[in-house]
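I have placed the structure first, in the form of structure tokens, so that the comments after it can refer back to it.
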Amino acid sequence: DAQQYWEKHQSFKATETPGREKYYCLSMFPYPSGKLHMGHVRNYTIGDVLTRYMRMNGRNVLQPMGWDAFGLPAENAAMANGVPPARWTYDNIAYMKRQLMSLGFAIDWDRELATCKPEYYKWNQWLFLRMLEKGIAYKKTGVVNWDPVDQTVLANEQVIDGRGWRTGALVERREIPMYYLEITRYAAELLADLDQLSEWPERVRAMQANWIGKSVGVRFAFPYKLDGRAEKLWVFTTRADTIMGVTFCAVAAEHPLAAHAAKNNLKLAAFVEECKRGTVMEADLATIEKKGMPTGITVTHPLTGEQIPVWVGNYVLMGYGEGAVMAVPAHDERDFHFARQYGLAIKQVITNGIEMKRKSRSDFFGSDYAYYDFSESNWKDWYADKENGLCINSGKYDGLTYSEAVDAIAADLKAKSLGDKQVMWRLRDWGISRQRYWGCPIPIIHCDRCGDVPVPDKDLPVVLPEDCVPDGTGNPLNKRADFVNCACPKCGQPARRETDTMDTFVDSSWYYARYCAPDNAKAMVDERVKYWMPVDQYIGGIEHAILHLLYSRFWWKVMRDTGLVHGDEPFMRLLTQGMVLNEIFFRKPASGRIVYYNPADVDLKFDVDRNRIGAVLKSDGLPVESGGIGTMSKSKNNGVDPQSLIDQYGADTARLFMMFAAPPEMTLEWSDEGVAGAHRFLKRLWRLVAEHVSAGLPARTDIAKLPEPLKDLRRLAHQTLAKVTDDIGRRRTFNTAIAAVMELVNAIGRIDDTSEGAKSVRQEALEFITIMLSPIAPHISHASWHALGHREAVIDARWPEPDAAALKQDKLEIVVQVNGKLRGRVSVPVQALEEQVREIALADEAVARHVSGKAVKKVIVVPGKLVNIVVA
RNA sequence: GCGAAUGUGGCGAAAUUGGUAGACGCGCUGGAUUUAGGUUCCAGUGGGGCAACCCAUGGGAGUUCGAGUCUCCCCAUUCGCACCA
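FYI, in our numbering the residues of the first sequence are 1225 to 2096.
Quick look at the structure:
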């Protein structure tokens, strides 16, 4: 069969062939979670369609596959089953590899890699050491979620409603030393090079640009005295024009000023502690109720000399900028609410009040907000339109526009050595230390005498022992004396090995390059990357639009600057597939944790009008609650196993249905209604081929002498070929390509003609169909191509080009509108002039009825499409 | 809260550059064949009138000869928010 043929002929083995145009098609590698889910099937089918299409178009293709094999779920499974994460991971890989193979993907399995293997992660460690040398990798403290009961660091995912998932204890924020990669060093380049990525979706580029978040503003200080010492409270603002309206400052709970003030203030100390509770998640911090407490400390306004009170605010983040902000309640919504809540002064310094043209939001904020307008569009206009607001109540700055005021104020601050203009990035350095076992060890040795010593290259890799079983109370590596105890590479004295491992995003930041040289034991990559990289087409879920893709771009640039690779960007073209979603069902017992039920185990209840009235569990008939629609995930137990689909209908149907269900970029709410339709279509096609072949292969026929219906069918075949080529090759809309092929199949079925001419036209159409379908449903196409009399395999056939002569038409149908409403259709010769089309349109009976008795004001003729007659 | 997207029949969707709204498929209804059917084939299928026509692309305004498509406001859903991957 087809898979045996590909295996025997090594059809998908990729070899570097200088001079032959390559096509590197990469799908994001899977995490070996256990079994494939629908998102995988979608992702890898898209990649496979493009790979096979490009191969048939003469490109030297590479489609590799590997495993993003380190990560948290393996540790969770270990805790649940007492099995080492390594065993669980390797078992999953074996199972999922079989599943992938059963789907018949055109993968070069000789290049398979797994990130948990020392021969792979050795190079994580190696490049980390190069980054240390360059100062890109460095150590500083970072904030983590701390479970006080289990005495362990929690991932954000393990924090549920501010509590540890296993212990239920309130999570605390804790500062610990970590290694960081200085991605901000590349911020400007990462932003600028987005311009090179014209083949990336606009939305991804927008998200990345916003994430990097360049803003030009002013960094300045409020001087103050603390225990007689002169200190400065630094802040950053993009709205320096409002500095004269500052009425208070707010600092994070972790800010030194807060800590100092709390020393002699029990209430404040308690508040600071309260602020430190809860998670480090930004989404949560952004939605919490804004709370604050005065520190009792005042600072001096750098320009007015006024005394400004300093508050501790639970909404100010230490990891952000300076960990302190200036507050201008009159011109910032959040500051406004805070000031209202705590009775702080509000001082208007910009004229963007009642004189603004846009509607006021006073009704929303209350009457005393009438002078302030903070609608989104207004805010944007404010930056764009100098006319929109001028400084007032601002002393010497009165009357200045935004940019004039910023310039003048920055200059004055600079003259006082209290500040200056500064470019600020929203992007933060990448903390890669994880206090977890199942990851790549960070190659550092801690020596009491020599400090933190990098592991010498010759001692790489630092191998992770594979037999630990985590128990949820911290990193088991700490208990492994054989791992921890070592000799200092510098002084030879006993020392301790670092037990933190790397963020798994490190592993996935360069695997695409390793596929080019997977067998090289001596180097991270070699000259083969020059042939294959950059990736021509990268395919993966939209959920990776920011982090993974940004980290990969950064890592690639570091590799470039280390002399390992060439080129600025790793991924030329990006296709972000939409998520596959499914409904979430659960029960929440009065006591205890939520239990999620798989949609396959739930029956939906409808009333007579087909309205949903509820859902019950199949096993007990009792109701379950709906948690809405969400990404298929293990934690929500709403995944659908594609294996049953494959078992029931076969790989081709699963692939075809997946591609037919929706365009690849669109979110897909899963439903397997309609799978049978895809299967039916393939069966019908197969029957059509069998019937055609059993009548014998056609003799040569003279195309010119074909009767009209056969000419039409032939034209449709070539039109379909042109459309499908465009849909797959350019638009990547596989659903419309399949629909077009279905139409052609239907058209063949309608021709009831046994002549040699009909056979000949049918033969050509069936050959087109087989080729057009072969990237999507390769198994049936493989068989069908042979049945149609070809000795070569369809995978080795060339993608045909439509015959321009066959596409020619002599008449066109034109739509006639009267006042923009459809009133008739007329047939016109292709070469008809505008004037003739107009005459024919007006002559149409239905059109005449609507035009008669009225004055024709205007006639719009869109060539080849429509005529619109405008009457009074 | 911030950033990005999406919203069209009973359902998945199509309409590619502002030009026929609903291609293709599912489901449903009726019929034929089979008469065991998770088979095959034919016809119908947005709503209202059942004819001429009218209404309809999340809601509301606007631009245009013409808007699903462009502009503004609003609503809902999904993704991301730095330790899930």
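Where is the CB? At the ideal position from N, CA and C, for every residue including glycine.
Within 10 Å of its beta-carbon, does residue 1282 have 16 or more other beta-carbons around it, so buried, or fewer, so exposed? On the first sequence, residue 1282 is found 58 positions in, with the first residue counted as 1. Residue 1282 comes out exposed.
Helix, strand or coil for residue 1920, going by three-state DSSP, please let me know. Here residue 1920 refers to the residue found at position 696 when the first sequence is read from its first residue. Judged by DSSP in its simplified three-state form, residue 1920 adopts coil rather than helix or strand.
Alpha carbon to alpha carbon, how far is residue 1262 from residue 1758? Give it in angstroms, no decimals. Numbered from its first residue, the first sequence carries residue 1758 at position 534. Numbered from its first residue, the first sequence carries residue 1262 at position 38. Just so you know, the alpha carbons of residue 1758 and residue 1262 end up roughly 28 Å apart.
Which residue wins for smallest C-alpha separation from residue 1661, given the options 1963, 1289, 1294 and 1271? The sequence position of residue 1661 within the first sequence is 437, counting from 1. Cα-wise, what sits closest to residue 1661 is 1294.
Using a Cβ-Cβ cutoff of less than 6 Å, which residues in the same chain neighbour residue 1247 once the five nearest sequence positions on both sides are dropped? Counting from one through the first sequence, the residue named residue 1247 turns up at place 23. Same-chain partners within the cutoff: 1278, 1283, 1285 and 1760.
So, for residue 2109: in the same chain, excluding its five sequence neighbours on each side, which residues have a beta-carbon less than 6 Å away from its beta-carbon? This structure leaves residue 2109 out entirely; the chain is present only between 1225 and 2096.
Identity of the residues DSSP links to residue 1725 by a beta bridge: The residue you call residue 1725 lines up with position 501 of the first sequence. Answer is 1658 and 1665, bridged to residue 1725.
Use the C-beta contact count for residue 1225: other C-beta atoms within 10 angstroms, 16 or more gives buried, fewer gives exposed. Residue numbering aside, residue 1225 sits at position 1 when the first sequence is read from its first letter. Exposed, by the Cβ-count rule.
Can you tell me whether DSSP reads residue 1828 as helix, strand or coil? By one-based count along the first sequence, residue 1828 stands at place 604. Annotated three-state conformation of residue 1828 is strand, per DSSP.
Under 8 Å by Cβ, that's how I've got residue 1551 and residue 1671 pegged, so tell me the actual separation to the nearest angstrom. Sequence index remark: in the first sequence, residue 1551 carries index 327 (1-based). Sequence index remark: in the first sequence, residue 1671 carries index 447 (1-based). That belief does not hold up - the Cβ atoms of residue 1551 and residue 1671 are roughly 47 Å apart, past 8 Å.
Pull up the distance between the alpha-carbon of residue 1929 and that of residue 2061, whole angstroms please. Against the first sequence, residue 1929 aligns to sequence position 705. Against the first sequence, residue 2061 aligns to sequence position 837. Answer to the nearest angstrom: the Cα atoms are 30 Å apart.
Cut-off 6 Å between Cβ atoms - residues of its own chain near residue 1542, not counting five sequence neighbours on either side: Here the question's residue 1542 lines up with position 318 in the first sequence. Excluding sequence positions up to five before and after residue 1542, its CB lies within less than 6 Å of the CB of 1476 and 1478, all in the same chain and listed in chain order.
With 16 other Cβ atoms within 10 Å as the buried cut-off, status of residue 1715: Within the first sequence, numbered from 1, the residue matching residue 1715 stands at position 491. Exposed is the call here.
What is the rounded straight-line gap between the Cα of residue 2033 and the Cα of residue 1254? Translated into the one-based positions of the first sequence, residue 2033 becomes position 809. Translated into the one-based positions of the first sequence, residue 1254 becomes position 30. Rounded to whole angstroms, residue 2033 and residue 1254 show a C-alpha spacing of 49 Å.
Here's the rule I'm using: 16 or more other beta-carbon atoms within 10 Å means buried, otherwise exposed. How should residue 1555 be labelled? In the first sequence, counting from the first residue as 1, residue 1555 sits at position 331. It counts as buried.
Start-end ranges of the alpha helix (DSSP H) lying completely within the stretch 1303-1328, minimum 4 residues: Complete alpha helix (DSSP H) runs here, min 4: 1309-1326.
For residue 1411, I'd like the list of residues in its chain whose CB is within less than 8 Å of its CB, leaving aside the five on either flank, ordered along the chain. In the first sequence, the residue the question calls residue 1411 occupies position 187. The answer, listed in chain order, is 1436, 1438, 1649 and 1651.
Taking Cβ to Cβ, would you say residue 2075 is nearer than 8 Å to residue 2083? In the first sequence, the residue the question calls residue 2075 occupies position 851. In the first sequence, the residue the question calls residue 2083 occupies position 859. Going by C-beta atoms, residue 2075 is not nearer than 8 Å to residue 2083.
In this structure, how does DSSP classify residue 1889 when only helix, strand and coil are distinguished? The count along the first sequence starts at 1 and reaches residue 1889 at position 665. Taken through DSSP and simplified to helix, strand or coil, residue 1889 comes out as coil.
Would you tell me roughly how many angstroms separate the C-alpha atoms of residue 1880 and residue 1925, rounded to the nearest one? The residue you call residue 1880 lines up with position 656 of the first sequence. The residue you call residue 1925 lines up with position 701 of the first sequence. Whole-angstrom Cα-Cα distance: 34 Å.
Can you give the beta carbon distance from residue 1496 to residue 1486, rounded, assuming they're within the 8 Å contact cut? Numbered from its first residue, the first sequence carries residue 1496 at position 272. Numbered from its first residue, the first sequence carries residue 1486 at position 262. 5 Å between Cβ atoms; contact.
Take every Cβ of the stretch 1843-1852, pair it with every Cβ of the stretch 1893-1907, and state whether three or more of those distances are shorter than 8 Å. Touching, no.
Could you give the first and the last residue of the continuous beta strand (DSSP E) run that contains residue 2099? Only positions 1225 to 2096 of the chain appear in this structure, which leaves residue 2099 out of reach.
Quick one: give me the first and last residue of the alpha helix (DSSP H) that residue 1267 is part of. The sequence position of residue 1267 within the first sequence is 43, counting from 1. According to the DSSP assignment, residue 1267 belongs to the alpha helix (DSSP H) that extends over 1262-1280.
May I ask you to report which of helix, strand or coil DSSP gives residue 2037? Taking the first residue of the first sequence as 1, we reach residue 2037 at position 813. Three-state result, residue 2037: strand.
Express the C-alpha separation of residue 1322 and residue 1915 in angstroms, rounding to a whole number. By 1-based counting over the first sequence, the position of residue 1915 is 691. By 1-based counting over the first sequence, the position of residue 1322 is 98. Using only the alpha carbons, I get a separation of about 35 Å.
I'd like to confirm the pairing. Which residues does DSSP put opposite residue 1646 in its beta bridges? Numbered from its first residue, the first sequence carries residue 1646 at position 422. Listed as beta-bridge partners of residue 1646 by DSSP are 1441.
Extent of the continuous alpha helix (DSSP H) run through residue 1415: Looking up residue 1415 in the first sequence gives position 191. If you look at residue 1415, you'll find it in the alpha helix (DSSP H) that goes 1411-1416.
Nearest by alpha-carbon distance to residue 1267: which of 1892, 2049 and 1733 is it? Sequence index remark: in the first sequence, residue 1267 carries index 43 (1-based). Checking every option, the nearest Cα to that of residue 1267 belongs to 1892.
Looking only at its own chain, which residues have a Cβ that is under 8 Å from the Cβ of residue 1682, when we skip the five neighbours before and after it? Mapped onto the first sequence, residue 1682 falls at position 458. Residues of the same chain with their beta carbon placed closer than 8 Å to that of residue 1682 are lacking, with the five preceding and five following residues left out of the count.
Same chain, Cβ closer than 6 Å to residue 2058, neighbours up to 5 away in sequence not counted: On the first sequence, position 834 is the one that residue 2058 refers to. The beta carbon of residue 2058 lies closer than 6 Å to those of 2085 in the same chain, with the five residues before and after it left out.
Compare the C-alpha of residue 1818 against each of 1338, 1860, 1787 and 1307 and name the closest. What you label residue 1818 is simply residue 594 of the first sequence in a count that begins at 1. If we check each option's Cα against that of residue 1818, 1860 comes out closest.
How about residue 1467 and residue 1633: do their beta carbons lie closer than 8 Å? Sequence index remark: in the first sequence, residue 1467 carries index 243 (1-based). Sequence index remark: in the first sequence, residue 1633 carries index 409 (1-based). Against a cut-off of 8 Å, the Cβ pair of residue 1633 and residue 1467 comes out as a contact.
Measuring alpha carbon to alpha carbon, tell me which of 1787, 1766, 1767 and 1796 ends up nearest residue 1777. Position 553 of the first sequence, counted from the first residue, corresponds to residue 1777. Comparing alpha-carbon positions, the option among 1787, 1766, 1767 and 1796 lying closest to residue 1777 turns out to be 1796.
Residue interval of the beta strand (DSSP E) (run including residue 1236): Taking the first residue of the first sequence as 1, we reach residue 1236 at position 12. First-last for residue 1236: undefined, no H or E at that position.
Can you grab the Cα-Cα spacing for the pair residue 1398 / residue 1373, in whole Å? As a working note, residue 1398 is residue 174 in the first sequence. As a working note, residue 1373 is residue 149 in the first sequence. Near 14 Å, if we compare the C-alpha coordinates of residue 1373 and residue 1398.
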